[in-house]
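Before any comments, here is the structure.
Chains as they are written, first to last, in my numbering: chain A, 18 to 247; chain Z, 143 to 413.
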């Protein structure tokens, strides 16, 4: 079965709404006033482009032709007149912008888009759970602190120092961006590999005396030292 | 509320299938309605351990592909009426199982059972990931040796990142089940100690299953060890583990020396 959509008849709804517009109040001599506008435009050519502008003619007494001339002069300057106020309706022709009444003064606040305050990037990474085998944590921006253990086969890469408050059984690479002052600290050293700024030691090189003890690794020139903590 | 429990390990041959069957049967023996699902597509074994291999008509893949209805593929255990098996396909490979298909089946099973035990394949690939995908809880089966413990550590990391629960920001509750534990060898330092394992895995202990001939015996006759010989040391350890899964507090007994086993054997002979 075919259903034919009936065009629904909609009522035209009118709503009122107020907007903010620039108001130009020309003064005599008009030529001089236009020169002032030109001076503004010379400084910032796009200043009025796309902005709604209302012409307030209450300060001057202009004839119909003069008003028409003024509107054209402004249009030549890329200023579009939204409406005219402060003038008798009889002075306006249908080709001119409409007469506006009841305008209210308001303060134009210059809304500069606020830049979101750039938060300083955190310089350290805190991991509250153990780093499991196969996981790789890479943080080139700074220090890495692990509250659990680093499993065998896990990997921590840090731009700064590495702190492990558990057993370090995996690989730890500190100071990867050339920070030779970086260190590696752990509660229990069983690491597969320790590296600082490219200098490394594998499990075989780590003294058996240190195993299972709290230790730190640091660079002494070009030699990596591993010393017990306390 | 139905609970989906994955039995996983990473490493192969540590006792995932045996443990799935034993835990499933023990849960059923305690009155729960249980289904054990074999996710090891292509290398299925759970049907053998459950003694249902002669009754497999349809399998998991058939259900996923719409060839069979779930009710047609479910096999009821002959010994326990509230224990069911959903076998895997032996002829397909793991690619036949899709994430969506697995999810639909699990969702369907949730409406019918109290416990859904998923027997994971070994490895960390697709099959293992799909088995753990929808899990609420996980039992990580670990042998007291370094390779098994490290693989378990890897699997725990994946449970924390690759499951639906993890992706939602929730946690999969994890338990370590130590199997093939030989206290004599552990005391001689030939095996990792319980403390070492737990320290490395940083995960709560569910139970310690002693190394026992009973386990192999039960598998060979196609019966979960808790059904085959409920009084055996591994069966009691599995039953204790299941009580802990159900929220009971059961004191953990580290299986000690042979003396205990010998005593038990002597008692059995005397009886």
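Just so you know, even glycine gets a beta-carbon here, dropped at the ideal spot from N, CA and C.
Mind the definition here: the stretch 151 to 162 of chain A touches the stretch 173 to 181 of chain A only if three or more C-beta pairs lie below 8 Å; say whether that holds.
yes
Cutoff 8 Å; reference residue 364/Z; Cβ partners in own chain excluding five residues on either side:
190, 191, 192, 193, 194 and 195
For residue 261/Z and residue 181/Z, which I take to be in contact (beta-carbon distance under 8 Å), what is that distance rounded to the nearest angstrom?
6 Å
With 16 as the cutoff for other CB atoms within 10 Å, does residue 316/Z come out buried or exposed?
buried
Chain A contacts made by the stretch 329 to 358 of chain Z, where a contact means CB separation under 8 Å:
From the stretch 329 to 358 of chain Z, only 341, 342 and 344 have a Cβ closer than 8 Å to chain A.
Strictly by DSSP, which residues pair up with residue 182/A?
Per DSSP, residue 182/A has no beta-bridge partner at all.
With H, G and I counted as helix, E and B as strand and the rest as coil, what does DSSP make of residue 59/A?
helix
What residues of chain Z sit near residue 150/A, judged by a beta carbon separation below 7 Å?
292, 295, 296 and 299
Please classify residue 206/Z: does DSSP put it in a helix, a strand, or coil?
helix
Would residue 169/A pass as an interface residue toward chain Z - the criterion being a Cβ-Cβ separation below 7 Å?
yes
Could you check the C-alpha separation between residue 186/Z and residue 265/Z for me, to the nearest Å?
14 Å
Span of the beta strand (DSSP E) holding residue 97/A?
Taken as a continuous stretch (DSSP letters only), residue 97/A belongs to no beta strand (DSSP E), as it is neither H nor E.
What does residue 147/A touch in chain Z if you count any residue whose Cβ is under 7 Å from its own?
Those within 7 Å of residue 147/A in chain Z are 344.
Cβ pair residue 197/A, residue 295/Z closer than 7 Å:
Cβ atoms of residue 197/A and residue 295/Z: not closer than 7 Å.
Starting from the Cα of residue 111/A, find the closest Cα among 93/A, 84/A, 137/A and 48/A and give me that residue.
84/A
Please check the pair residue 99/A and residue 38/A, which I expect to be a contact at CB under 8 Å, by giving their CB distance rounded to whole angstroms.
6 Å
Is residue 322/Z a contact residue of the ligand ADP, with contact defined as CB to any heavy atom under 6 Å?
Annotation note on the ligand ADP: not contained in the displayed structure, which lists no ligands.
Taking the alpha carbon of residue 302/Z as the point to measure from, which residue in 314/Z, 293/Z, 291/Z and 213/Z has its own alpha carbon closest?
314/Z
Give me the residue from 390/Z, 197/Z and 243/Z with the minimum Cα distance to residue 218/Z.
197/Z
Quick one: grab the DSSP three-state call for residue 316/Z.
Looking at residue 316/Z - three-state DSSP - the assignment turns out to be strand.
For residue 283/Z, the residue or residues it bridges with in DSSP
319/Z
Closer than 7 Å, CB to CB, is residue 176/A near chain Z or not?
no
Inter-residue spacing [alpha-carbon to alpha-carbon] between residue 201/A and residue 286/Z:
30 Å
Measuring straight from C-alpha to C-alpha, what distance separates residue 288/Z and residue 221/A?
18 Å
My guess is that residue 40/A and residue 71/A are in contact by the Cβ rule of under 8 Å, so how many angstroms apart are they, rounded?
5 Å
How many whole angstroms separate the CB atoms of residue 205/A and residue 225/A, which I take to be in contact at a CB cut-off of 8 Å?
Not a contact, Cβ separation roughly 14 Å.
Report yes if the C-beta distance between residue 188/A and residue 209/A is below 7 Å; otherwise report no.
Cβ distance < 7 Å, so residue 188/A and residue 209/A count as in contact.
Using a Cβ-Cβ cutoff of less than 8 Å, which residues in the same chain neighbour residue 214/A once the five nearest sequence positions on both sides are dropped?
Counting only Cβ-Cβ distances below 8 Å, and skipping sequence neighbours, we find 191, 192, 193, 195, 196, 197, 199 and 236.
Measure how close the beta-carbons of residue 234/A and residue 242/A come, nearest whole angstrom, since I'm counting them as under 8 Å.
7 Å
Residue nearest to residue 304/Z in terms of C-alpha spacing, selected from 283/Z, 336/Z and 276/Z
Of the candidates 283/Z, 336/Z and 276/Z, 276/Z places its Cα closest to the Cα of residue 304/Z.
Assuming residue 258/Z and residue 212/Z make a contact with CB atoms under 8 Å, what is their CB distance in whole Å?
In this structure residue 258/Z is not in contact with residue 212/Z, their Cβ atoms being roughly 12 Å apart against a cut-off of 8 Å.
Taking all protein chains shown into account, do 16 or more other C-beta atoms lie within 10 angstroms of the C-beta of residue 235/Z, making it buried, or fewer, making it exposed?
exposed
Taking Cβ to Cβ, would you say residue 335/Z is nearer than 7 Å to residue 344/Z?
The answer is no: Cβ separation not under 7 Å.
Report yes if the C-beta distance between residue 342/Z and residue 281/Z is below 7 Å; otherwise report no.
no
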